[in-house]
Each structure stands twice: as structure tokens, then as C-alpha cells.
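Engineer: Handing you this structure, nothing more for now.
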């Protein structure tokens, strides 16, 4: 299949990319998981970079190279023009430096926010809910194994699952609208700064009222989580515009991932140390300490980044004709989904698989915290230690992903990962079921860390190698929607099972259903090399990507390609008496000497 490369692309066959080198795809599959590790793609069948025919960045780089090779003595007017461009270039460099620093600070703060809310606030919300029912006395540290009482119509152990379910529904419904505002208006920075400020205020409010108004604090947790998701969308919209140099973008992405990871790890180590020293009888709750630190980090890092470093942006896209700001995002997703379903089988089945995988992985941390707190009797400090192990072992998980992606292919690597998830979660449901199992729980946290660090880069490596260049923005938006589409389902099922009296061991085991479904759906993606070759044909203009009035003719054209008989879309357009949507399609059915292939 390597023979199918164009000569013009032969020098780019080993271009490397990190998982976040595209647009906001890596923004928010999961608000409680900071594991956006870097990985690379080294693929000889399909370059992850854009070719000169469909990449503005590549074209811009070519222009820069041409300018560098121009003689310095062309003319005095050219010299004058260069002198005039110096302030502009200096301004662009300064903006890039500022926004890179802003991105680094923002990523560090997000790592702290995630750990503070997902671990320590969640742990205290569970205990406060049990206190409200009389199942748990904080000062005496006494808890009933099975709390049958209800508060606000639900069991205390369902609180976190209900929060994640609501956040998942809000994200699935409103993300297209948020994306439309970011893309079609000049308010990108306003969305980022407002969401950061709103999140910080909600965190402060949680800290102040947690002790007396725990249910209100639980509602505020929904606002914190959703504003975090909105903030990610605005932040990641800046990522592809930081630089037109792909190598620098890869370096920046690695730096940002390291910053978020470092923020999470340092915060967890700090909190575990503090909680080990605090006298529990003094009534100092972990969430009070946690949210104090988180709030200080937020107002410092977010405040400086969004008031001094991130710059305003104009609208990146125009609202389509006959569409409004509200409908534009939904319409774009619908049209892209229609195209994928009709003409791109590998992408279609991957997105279905990703919906199930992300539904399970985004819910896993919440259910794991609930399970360890309720079933194993973990304290906030012990939960923090478990999540710390998970984070630390995510790093070798990324190395497993990189090795298997090259040794086999991303599809098989992802399937092996899903089997690993199924086995580790099933084993935990069987062997982890009572207090005083801290050591075993930490061992399982290590395995889950390997799985978490493995799944994200593998999934994204697979996706960026089977999608065509020039369609990144709309396909990444579709990917985000796919990841959010079922995010509400696992917490809802877990909550319903918990309310019906099923054992929590069955509840955590239910996550294996989503991993299993995803595993089998991946078989429908088909052969990896064929999926990559299909994307390469779209890159080269041999077949169109967008579904339009010629859908039937395009489908027939695809069948011709499947038989390797060649495709002549120009003739199809002539036969139909239309050239709608065919302006960028190249007719490669004939060779340079005029003979038919």
C-alpha cells in the first residue's frame, strides 16, 4: 500500500503529530480526566499532515520558505516592505509567546480544578449526604455498610452519579451551541474568561457553604463541571492558531499536557500530605482545604492568563445562509453526520465505538470514587492516594499505546485496551468488596492508570489517521459530539441500579458492557490500511468527502474504487447535468500521456 504515495508527499511520510495537534477534539471528552497525554503517529500509508492542495498551514510555510530564499537585493521597494513587516512579525511572535504561556497556566490550573472537584469535593459530598440520612456520623467516623435511607428522594451513594448524568446531558445538548458561539462570533476570549471566572466563583461558593448546605454545593458541582467543559472548548479553539509550524505545535502540546499533568500530581501530593497531618477530630473537611487551594490557583492562573495573555479573535467562520447562531452548530453536525453515515464507513463505526468507550471512561472516575468511598470505606486521603497512583501509571500507559500502535495498528491496540479494561474492572468487582483492602485497591488503581493512559492517545491516533485532511474542524466537532452523546447513560444506569437495591459491585461491573460493545463495533471499522487509503484518496481529490445532490453518483463512484477500476467524478457530474460540489474533485482517471489507468 506504500506504493500509492504521491512523489510530492514522499518526504513527509514520517511526520509526527501529538494527539492534540488538531482543533478542539481533545477538549472535553471527560471533565474529570486530565489524561490528555501525547502520542505520535508514524504512518507510511497516510500522512497526518495536510498536503499542499488542502492545507492553509502548509501553503503558508511554503510562502515563508520562498521568501527566505529570495535575494536580498531585489529592489529597494522590497527592502522597504520587509522593514514595514518587522513590527508585524514582532507583534505575532509576542502574541504567540503570550498565548503559549497563557495556555500553560490554564492547563496547570485545570489539572488542579479536576483533582479538587473530582476527588475531594466528591468524597465529602458522599459523606455529607450520608450524614443527612443518619447513616454516617462524621465525628465518630461510624458508617453503616448499606445505607437504605434516602435524602431528596435518592440514596446518598447516587449523588455523584446523578451529577455526572446531568452534566452529560447538558454537554450533549448545548455543546453545539457553545461551539457555534466560539466559531461564529468575536466572543471567543469572552467565553474563555467568563467560564473561568464563573467556575472560580462556584468553587468559592462550594467552599463556603459545603458544611451547612451540602445539597446546594452538589448543585454547584454541576455548574463547575459544565463551566469547565465550556472553558475547554474556548481554550482549545486557540490551540491550532498558536503557530503555523507543526513541529512547534507538537512541542507546545507536549508542554501543555505536562503542565496539566504536573498540576494534578503536585496538587494530589500536597493534599495527601496535608490531610495526613490534619487532626480529623478538629472537624476540618478535605473539601475545605482542597477548594481553598483550588480557588487561589484559579484566580491567579486563570486571572492572569485571560486578562493579559490570551488575545481577542474575530469570528473564524461565517454563519451559513438561512441559518442562525443557534441553529448553525446543530446544522453543521447534522450535515457532517449525514456524510459520514452515507459514505465513510470506517469513520462511522469508529465514532459509534468511541461513543461507548468514552461513555464508560468518563464515568469511571466518578463510579470508582463512589465505590471506594461506599464499598471500601475510603477516606478522602485514601481516595487521593488511589487517584495519584492512577495518574502516575498513566504515563507508562502512553508508552504501551505508542508501542502497540506501531507493532500492530491502532485498531488492534484499542481492542486490546478494551479487553484490559474489561478484565481489570471485572476483577475489581470480584475481589474489591470490603474495607481494609487499601493495598489491593491501590494495585487496581495502577492497572486503571495504565488503561486510562493507553486508551486516549490510541483512540485519537486512530481517528486522525483515518480522517481526510481539510475536513479536520468539522470532523473533530463531530468527534466531540460522539464522545458526549452517551456520557449520561452509564451514570444513569448506575444510579437506577443503585436505587433499586442492586449491589454496587454489579454497578461498577456494568461498565464492562460499554467496553464490550465498543470492542465488537471496532471490527466493523474494517481493515486499518484500507481505512487509511480511503482517507488518502480523499486527500488527493480522487473521491469527494461531502454528501450533496450527487450522493447516488458518488456512492456508485465509491463502488468503482472498491473494485479498483478508477473513478471519474467529472463524468458523473456531466451525466447528471450538474457540477455541484465537484469543483475541487480531480479527475485522475487518465495518466499524463492521455491513456486510461
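Residue numbers (UniProt numbering): 1 to 597. For glycine and all other residues, C-beta sits at the position ideal for the given N, C-alpha and C.
Across which residues does DSSP place residue 154 in a beta bridge pair?
Structural biologist: For residue 154, which the question treats as bridged, DSSP gives the partners 151.
Engineer: So, under 8 Å CB-CB, residue 132 and residue 159 are touching, yes? Tell me the CB distance rounded to an integer number of Å.
Structural biologist: With a Cβ gap of about 10 Å, residue 132 and residue 159 do not count as contacting.
Engineer: Under 8 Å Cβ to Cβ from residue 295, same chain only, skipping five residues before and after it: list those, please.
Structural biologist: Excluding residues within five positions, the ones whose Cβ falls inside 8 Å are 200, 203, 204 and 207.
Engineer: Taking its Cβ as the centre, do 16 or more other Cβ atoms sit within 10 Å of residue 457, making it buried, or is it exposed?
Structural biologist: Buried: at least 16 other Cβ atoms inside 10 Å.
Engineer: Looking only at its chain, what residues have a beta carbon closer than 7 Å to the beta carbon of residue 383, apart from the 5 residues adjacent to it on each side?
Structural biologist: Within the same chain, residue 383 has close Cβ partners 119, 123, 369, 372 and 373.
Engineer: I need the boundaries of the alpha helix (DSSP H) containing residue 183, first residue and last residue.
Structural biologist: 159-184 is the extent of the alpha helix (DSSP H) around residue 183.
Engineer: Can you find a C-beta in chain D that's less than 8 Å from the C-beta of residue 198?
Structural biologist: Of the protein chains in this structure there is only one, and it is not chain D.
Engineer: By how many angstroms is the C-alpha of residue 257 removed from the C-alpha of residue 48?
Structural biologist: Since pLDDT at residue 48 reaches only 41, below the 50 mark, its modelled position is unreliable, and no value is offered.
Engineer: According to the Cβ coordinates, are residue 518 and residue 493 closer than 8 Å?
Structural biologist: Not in contact: residue 518 and residue 493 (Cβ atoms no closer than 8 Å).
Engineer: Please tell me whether residue 265 and residue 105 are closer than 8 Å, where the distance is taken between their beta carbons.
Structural biologist: No, the Cβ-Cβ distance between residue 265 and residue 105 is not below 8 Å.
Engineer: Given residue 446, which residues of its chain have a CB within under 7 Å of its CB, disregarding the five upstream and five downstream residues?
Structural biologist: The answer, listed in chain order, is 389 and 393.
Engineer: Could you tell me whether the Cβ atoms of residue 521 and residue 468 are closer together than 8 Å?
Structural biologist: No, the Cβ-Cβ distance between residue 521 and residue 468 is not below 8 Å.
Engineer: With residue 353 as the anchor, note down where its alpha helix (DSSP H) starts and where it stops.
Structural biologist: Per DSSP, residue 353 belongs to the alpha helix (DSSP H) from 345-374.
Engineer: Count the other CB atoms within 10 Å of the CB of residue 584; is the residue buried (16 or more) or exposed (fewer)?
Structural biologist: Residue placement at residue 584 is flagged as unreliable, the pLDDT there being 36, under the threshold of 50; the coordinate-derived value follows with that caveat. Exposed: under 16 other Cβ atoms inside 10 Å.
Engineer: Tell me whether the region 174-194 and the region 245-252 touch, counting them as touching only if at least three CB pairs, one residue from each stretch, are closer than 8 Å.
Structural biologist: They do not touch, by the three-pair rule.
Engineer: Can at least three beta-carbon pairs, one atom from the region 434-449 and one from the region 309-323, be found at a separation below 8 Å?
Structural biologist: With a cut-off of 8 Å, the region 309-323 and the region 434-449 do not count as touching, because too few Cβ pairs lie within range.
Engineer: Can you tell me where the alpha helix (DSSP H) with residue 124 in it begins and where it stops?
Structural biologist: It spans 122-133 - the alpha helix (DSSP H) in which residue 124 sits, taken as one unbroken run.
Engineer: Using C-beta distances below 7 Å, list every residue in its chain close to residue 420, excluding the 5 sequence neighbours before and after it, in chain order.
Structural biologist: For residue 420, where only same-chain residues beyond five positions count, the Cβ hits under 7 Å are 451.
Engineer: Taking just the CA atoms, how far does residue 375 sit from residue 433?
Structural biologist: Cα to Cα, residue 433 sits roughly 6 Å from residue 375.
Engineer: Does DSSP classify residue 488 as helix, strand or coil?
Structural biologist: It is coil, neither helix nor strand.
Engineer: Measure the C-alpha to C-alpha separation of residue 588 and residue 540 and round it to an integer number of angstroms.
Structural biologist: Since pLDDT at residue 588 reaches only 37, below the 50 mark, its modelled position is unreliable, and the value read off the structure follows with that caveat. Distance between the alpha carbons of residue 588 and residue 540: 9 Å.
Engineer: If we count the other Cβ atoms within 10 Å of its Cβ and call it buried at 16 or more, is residue 523 buried or exposed?
Structural biologist: Burial call: exposed.
Engineer: Let me confirm a value: residue 460 is counted as buried when at least 16 other C-beta atoms fall within 10 Å, else exposed. Which label applies?
Structural biologist: Result: buried.
Engineer: Please determine, among 272, 546, 301 and 303, the residue with the shortest C-alpha to C-alpha distance to residue 290.
Structural biologist: Checking every option, the nearest Cα to that of residue 290 belongs to 272.
Engineer: Write down every uninterrupted run of the beta strand (DSSP E) in the region 266-306 whose length is 3 residues or greater and which is fully enclosed by it, in chain order.
Structural biologist: You should have found no qualifying run.
Engineer: Give every residue of the same chain whose Cβ lies closer than 6 Å to the Cβ of residue 259, excluding the five residues on either side of it in the sequence, and list them in chain order.
Structural biologist: Cβ neighbours of residue 259 beyond the five flanking positions: 104, 107 and 108.
Engineer: Tell me which residues share the same chain as residue 222 and place their Cβ nearer than 7 Å to its Cβ, disregarding the 5 neighbours each side in the sequence.
Structural biologist: So the list reads 163, 166 and 167, once near-sequence residues are dropped.
Engineer: Which ranges does the alpha helix (DSSP H) cover as unbroken runs of at least 4 residues, wholly within the region 482-545, from first to last along the chain?
Structural biologist: Counting whole runs of 4 or more residues, the region 482-545 contains the alpha helix (DSSP H) stretches 489-499, 504-509, 511-521 and 528-539.
Engineer: Is the beta carbon of residue 429 sitting closer than 8 Å to the one on residue 505?
Structural biologist: Going by C-beta atoms, residue 429 is nearer than 8 Å to residue 505.
Engineer: Report back the beta-carbon spacing between residue 364 and residue 471 to the nearest angstrom; my notes put them in contact at under 8 Å.
Structural biologist: About 31 Å; that fails the 8 Å criterion.
Engineer: Considering only C-alpha positions, which residue in the set 183, 532, 350 and 157 is nearest to residue 497?
Structural biologist: Answer by Cα proximity: 157.
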